[in-house]
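Participant: For what it's worth, my numbering labels the leading residue of the sequence shown as 15, then goes sequentially. Idealized CB from N, CA, C, for every residue including glycine. Note that the structure is predicted; figures quoted are calculated from it, not measured. This is the structure, below, for whatever I ask next.
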Amino acid sequence: MKTLATVLTMLFACSQATGPGESSAADAIDIGSRRELFVDTHLIDRFVGRAELRLHRPTERSDAFICNKPWEGNVSGYPVFFQDGKTYRMYYRAGNWRALGQQTHQDFTCYAESRDGIHWTRPDLGLVEFNGSRKNNIILTGDVSLTFVPFLDTNPACKPDQRFKALAVLDKPTRGLYAFASGDAIRWRQLGSQPLITKGKFDSQNLAFWDSVRGRYVAFFREMRGPNDEFGAKGPQLGLDDKGPARDVLTSTSADFRHWTQPRWIDYPDSPRMQIYVNQIRPYYRAPHLFVGFPCRFMAGREIEKGLPITKHPSYKFGSITETLFMTSRDGVNFRRWGEAFVRPGPRRTRWIYAGTMPGYGLLETRSETADTPNELSLYVDDGGSWSSGGKAKRFRRYSLRIDGFVSLQAPLSGGEIVTRPITFRGDALTMNFSTSAAGSVRVEIQDSTGKPIDGFRLEDCPEIFGDSLNRTIRWQGQPAVSQLADRPVRLRFVIKDADLYSFQFTNGH
Numbered sequence: 015m016k017t018l019a020t021v022l023t024m025l026f027a028c029s030q031a032t033g034p035g036e037s038s039a040a041d042a043i044d045i046g047s048r049r050e051l052f053v054d055t056h057l058i059d060r061f062v063g064r065a066e067l068r069l070h071r072p073t074e075r076s077d078a079f080i081c082n083k084p085w086e087g088n089v090s091g092y093p094v095f096f097q098d099g100k101t102y103r104m105y106y107r108a109g110n111w112r113a114l115g116q117q118t119h120q121d122f123t124c125y126a127e128s129r130d131g132i133h134w135t136r137p138d139l140g141l142v143e144f145n146g147s148r149k150n151n152i153i154l155t156g157d158v159s160l161t162f163v164p165f166l167d168t169n170p171a172c173k174p175d176q177r178f179k180a181l182a183v184l185d186k187p188t189r190g191l192y193a194f195a196s197g198d199a200i201r202w203r204q205l206g207s208q209p210l211i212t213k214g215k216f217d218s219q220n221l222a223f224w225d226s227v228r229g230r231y232v233a234f235f236r237e238m239r240g241p242n243d244e245f246g247a248k249g250p251q252l253g254l255d256d257k258g259p260a261r262d263v264l265t266s267t268s269a270d271f272r273h274w275t276q277p278r279w280i281d282y283p284d285s286p287r288m289q290i291y292v293n294q295i296r297p298y299y300r301a302p303h304l305f306v307g308f309p310c311r312f313m314a315g316r317e318i319e320k321g322l323p324i325t326k327h328p329s330y331k332f333g334s335i336t337e338t339l340f341m342t343s344r345d346g347v348n349f350r351r352w353g354e355a356f357v358r359p360g361p362r363r364t365r366w367i368y369a370g371t372m373p374g375y376g377l378l379e380t381r382s383e384t385a386d387t388p389n390e391l392s393l394y395v396d397d398g399g400s401w402s403s404g405g406k407a408k409r410f411r412r413y414s415l416r417i418d419g420f421v422s423l424q425a426p427l428s429g430g431e432i433v434t435r436p437i438t439f440r441g442d443a444l445t446m447n448f449s450t451s452a453a454g455s456v457r458v459e460i461q462d463s464t465g466k467p468i469d470g471f472r473l474e475d476c477p478e479i480f481g482d483s484l485n486r487t488i489r490w491q492g493q494p495a496v497s498q499l500a501d502r503p504v505r506l507r508f509v510i511k512d513a514d515l516y517s518f519q520f521t522n523g524h
């Protein structure tokens with residue numbers, strides 16, 4: 015009978031026989047010439063030293079928009095942003111309350127636009143009368159305005175008069191998500207008399223978009239999720255005790271925007287249960303095979319500042335705090351959700367309330383306001399501060415982030431590295447988005463599928479790369495050409511010191 019020590023020795027020997035992370039050529043991941051971000055460990059076989067994936071937080075900039083017109087007010091919100099050619103478009107709910115359920119005017123859907131994504135204007139559309147005047151930017155009125163979420167339909171087969179589509183909740187004839195369309199982004203009509211999707215609670219932003227990689231429409235929407243994944247769960251909500259139903263996200267897909275698959279929950283492997291208020295999921299425009307989401311975490315029972323005058327009414331039970339998270343997925347169902355906040359409430363007391371830091375739906379590339387620096391990403395947060403001070407103007411704050419800068423592969427000066435799983439690529443050069451300190455560096459080695467360095471692409475053939483660039487070409491022995499390795503299973507070894515590596519891509523044209 016073998017002893018335990020003998021068995022362990024045999025197991026160790028077997029594990030070493032194939033080498034760490036070794037796999038066959040058939041297992042190689044084909045990344046083609048697409049950009050890959052370090053937002054998950056999908057491509058990483060192993061970490062060495064002090065290398066790790068590090069979540070980055072955006073920088074708060076300034077007010078992008080203040081809802082201070084008479085038809086707007088303190089419960090304006092749910093902003094939606096997207097770029098359409100040279101025009102940036104924004105839609106938002108306009109509303110105002112004296113107290114819970116006591117509106118000063120009905121809800122509206124309003125429209126604004128921008129040439130740079132930073133400064134926004136309200137066009138006088140002349141569509142809807144308010145207080146005897148049509149000089150306003152209102153495009154829709156009534157129940158549809160509570161959860162109206164438009165998008166630019168990039169489906170090549172999209173009809174011109176439906177180039178813009180939207181989902182919105184209506185209660186009649188049946189409660190559910192209804193479709194709307196427009197040819198000019200301003201004048202909207204309902205598509206059909208029946209809802210597209212009926213399974214869900216839908217009481218927040220419910221969104222859809224065309225997934226160009228998979229050739230289908232995808233929707234994400236709100237439902238209450240029971241501890242055992244029940245739909246429409248009821249009872250005391252999930253709080254700090256990890257019990258009860260929780261706000262969460264369902265997804266469904268469609269080939270034609272009319273017929274949708276049965277909804278299913280999205281999942282978060284290795285993430286604890288939590289309440290998600292809005293999901294704000296979209297394909298990342300520089301790597302559309304990746305979904306990025308900015309969900310709003312809803313922390314029930316943790317309110318510090320009680321909103322006045324609204325929360326002085328006993329029926330207004332908003333004893334919670336909200337903040338923005340970051341998550342990503344490669345299939346639209348399984349998400350890597352970071353537990354640390356992406357946007358914290360921060361030092362302002364007025365944000366430590368219900369809806370105090372609610373992410374808007376949109377991610378835009380905009381110019382940097384710092385001279386001699388590249389473009390950046392802009393995202394927008396619904397600042398709920400007006401609720402806590404009795405103010406009348408809701409604000410949408412702009413935040414900025416480095417392009418691809420959600421998460422980086424990072425190591426201190428003492429160094430760290432990763433080795434990828436076997437991949438195949440197409441292209442003649444390797445580029446990367448990175449930043450180092452003055453003393454830091456990045457070096458890259460290309461190995462065969464077994465982990466053996468390839469002559470001409472060894473680590474010593476790659477000089478230390480330092481600086482800060484969104485698109486630096488890697489060179490070995492002074493040459494960038496890697497075309498002889500295309501379509502062949504290889505591994506990449508990134509060695510970093512006091513540096514951040516955000517993304518890499520094999521490209522043509524060098």
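(1) At the level of alpha carbons, what is the spacing between isoleucine 152 and glycine 140?
(2) What is the rounded straight-line gap between the Cα of arginine 350 and the Cα of glycine 109?
(3) Would you say the segment 197-204 touches the segment 158-177, given that touching needs at least three Cβ pairs under 8 Å?
(4) Between the Cα of lysine 257 and the Cα atoms of Gln289, Thr188 and Ser285, which residue gives the shortest distance?
(5) Can you look up proline 373 in the DSSP assignment and give me helix, strand or coil?
(6) Measuring only the C-alpha atoms, how far is arginine 457 from methionine 446?
(7) Can you tell me which of Thr188, Thr161 and Pro170 puts its alpha carbon nearest to the alpha carbon of alanine 180?
(8) Suppose the cutoff is 6 Å on Cβ atoms and the five residues either side in sequence are ignored; what does the same chain contact list for threonine 101 look like?
(9) Return the CA-CA distance between leucine 444 and glutamine 251, expressed in angstroms with no decimal places.
(10) Quick one: give me the first and last residue of the beta strand (DSSP E) that histidine 273 is part of.
(11) Since glutamate 237 and aspartate 262 should fall inside the 8 Å C-beta cutoff, what is the C-beta to C-beta distance between them, to a whole number of angstroms?
(12) Of the residues Ser285, Phe308 and Leu506, which one's Cα is nearest the Cα of aspartate 420?
(13) Cβ of serine 334 within 8 Å of Cβ of glycine 353?
(14) Whose C-beta lies closer than 7 Å to the C-beta of threonine 380 among residues of the same chain, with five residues either side of it excluded?
(15) Which two residues bound the contiguous beta strand (DSSP E) that contains valine 158?
(16) Quick one: residues in its chain with C-beta nearer than 6 Å to the C-beta of glutamate 86, no 5 flanking neighbours on either side, listed in chain order?
(17) Using only alpha-carbon positions, find the residue among Thr118, Asp77, Thr168 and Arg296 that is nearest to arginine 344.
(18) Mind reading off the beta-carbon distance from aspartate 418 to leucine 51? Whole number of angstroms is fine, and I expect it under 8 Å.
(19) Would the beta-carbon of glycine 214 fall within 8 Å of that of leucine 264?
(20) Enumerated in chain order, which unbroken segments of the beta strand (DSSP E) with a length of 3 residues or greater are wholly contained in the segment 433-489?
(21) When the Cα of glutamate 66 is compared with those of Ala452, Gly246, Tyr291 and Gly430, which residue comes out closest?
(22) Quick check on the DSSP output: the beta strand (DSSP E) that includes valine 421 runs from which residue to which?
(23) Given a cut-off of 8 Å on the beta-carbon distance, is the pair tyrosine 394 and glycine 370 in contact?
(24) Jot down the residue ranges of each uninterrupted beta strand (DSSP E) in the segment 39-67, minimum 3 residues, whole runs only, in chain order.
(25) Counting C-beta neighbours from all protein chains within 10 Å, is the total for glycine 190 16 or more, i.e. buried, or is it exposed?
(26) Using only CA atoms, which one of Tyr192, Ala193, Phe448 and Arg136 lies nearest to tyrosine 105?
(27) Grouping DSSP H, G and I as helix and E and B as strand, with all else coil, what is serine 285?
(28) Identify whether aspartate 396 lies in helix, strand or coil by the three-state DSSP scheme.
(29) Given this structure, state the Cα-to-Cα distance separating threonine 212 from aspartate 501, to the nearest angstrom.
(30) Kindly examine the ligand ADP and report whether one of its heavy atoms sits closer than 7 Å to the Cβ of serine 285.
(31) Got a sec? Which residues, its chain only, sit under 7 Å from aspartate 217 by beta carbon, not counting five neighbours each side?
(32) Quick test of your reading: alanine 355 and leucine 339, contact by CB under 8 Å. State the CB separation rounded to the nearest angstrom.
(33) Compute the Euclidean distance between the alpha carbons of isoleucine 43 and alanine 385, then round it to the nearest angstrom.
(34) Helix, strand or coil for serine 497, going by three-state DSSP, please let me know.
(35) Helix, strand or coil for threonine 364 per DSSP?
(36) Using only CA atoms, which one of Glu474, Val504 and Arg507 lies nearest to glycine 492?
Facilitator: This is what the structure gives:
(1) Taking the straight line from one Cα to the other gives about 8 Å.
(2) For arginine 350 and glycine 109, the distance between alpha carbons rounds to 35 Å.
(3) Below 8 Å, enough C-beta pairs join the segment 197-204 and the segment 158-177 to call them touching: three or more.
(4) Among Gln289, Thr188 and Ser285, the Cα nearest to that of lysine 257 belongs to Gln289.
(5) Note: proline 373 maps to strand in three-state DSSP.
(6) Going by the C-alpha atoms only, they are around 11 Å apart.
(7) Among Thr188, Thr161 and Pro170, the Cα nearest to that of alanine 180 belongs to Thr161.
(8) Excluding its 5 nearest sequence neighbours in each direction, threonine 101 has C-beta neighbours in its own chain below 6 Å: Glu127, listed in chain order.
(9) Per the coordinates, the alpha-carbon of leucine 444 lies some 49 Å from the alpha-carbon of glutamine 251.
(10) No beta strand (DSSP E) holds histidine 273; DSSP gives it neither H nor E.
(11) Their Cβ separation, rounded to whole angstroms, is 6 Å, which keeps glutamate 237 and aspartate 262 in contact under 8 Å.
(12) The sequence shown places phenylalanine at residue 420, not aspartate. Of the candidates Ser285, Phe308 and Leu506, the one whose C-alpha sits nearest the C-alpha of phenylalanine 420 is Phe308.
(13) No.
(14) Contacts found: Asp130, Gly131, Ile132, Asn389, Glu390 and Ser392.
(15) Where valine 158 is concerned, there is no enclosing beta strand (DSSP E), given that its DSSP letter is neither H nor E.
(16) In its chain, beyond the 5 residues on either side, Ala108 have a beta carbon closer than 6 Å to the beta carbon of glutamate 86.
(17) Nearest option by C-alpha distance: Arg296.
(18) So it is a contact: roughly 6 Å between Cβ atoms.
(19) A distance below 8 Å separates the beta carbons of glycine 214 and leucine 264.
(20) Runs found: 437-439, 443-462 and 482-487.
(21) When only C-alpha atoms are compared, the closest one is Gly430.
(22) Its beta strand (DSSP E) spans residues 421-425.
(23) Not in contact: tyrosine 394 and glycine 370 (Cβ atoms no closer than 8 Å).
(24) Runs of the beta strand (DSSP E) lying entirely within the segment 39-67, each at least 3 residues long, are 43-46 and 58-63 in chain order.
(25) Glycine 190 is buried by the Cβ-count criterion.
(26) Ranking the options by Cα distance to tyrosine 105, first place goes to Arg136.
(27) Judged by DSSP in its simplified three-state form, serine 285 adopts coil rather than helix or strand.
(28) Strand, per DSSP.
(29) In a straight line, the C-alpha of threonine 212 is about 46 Å away from that of aspartate 501.
(30) What this structure holds is no ligand at all, so the ligand ADP is not there to describe.
(31) Around aspartate 217: Arg236.
(32) The C-beta distance from alanine 355 to leucine 339 rounds to 6 Å, short enough to fall under 8 Å.
(33) Each residue's alpha carbon lies about 40 Å from the other.
(34) Residue state, collapsed to three classes: helix.
(35) Looking at threonine 364 - three-state DSSP - the assignment turns out to be helix.
(36) Per the C-alpha coordinates, the member of Glu474, Val504 and Arg507 positioned closest to glycine 492 is Glu474.
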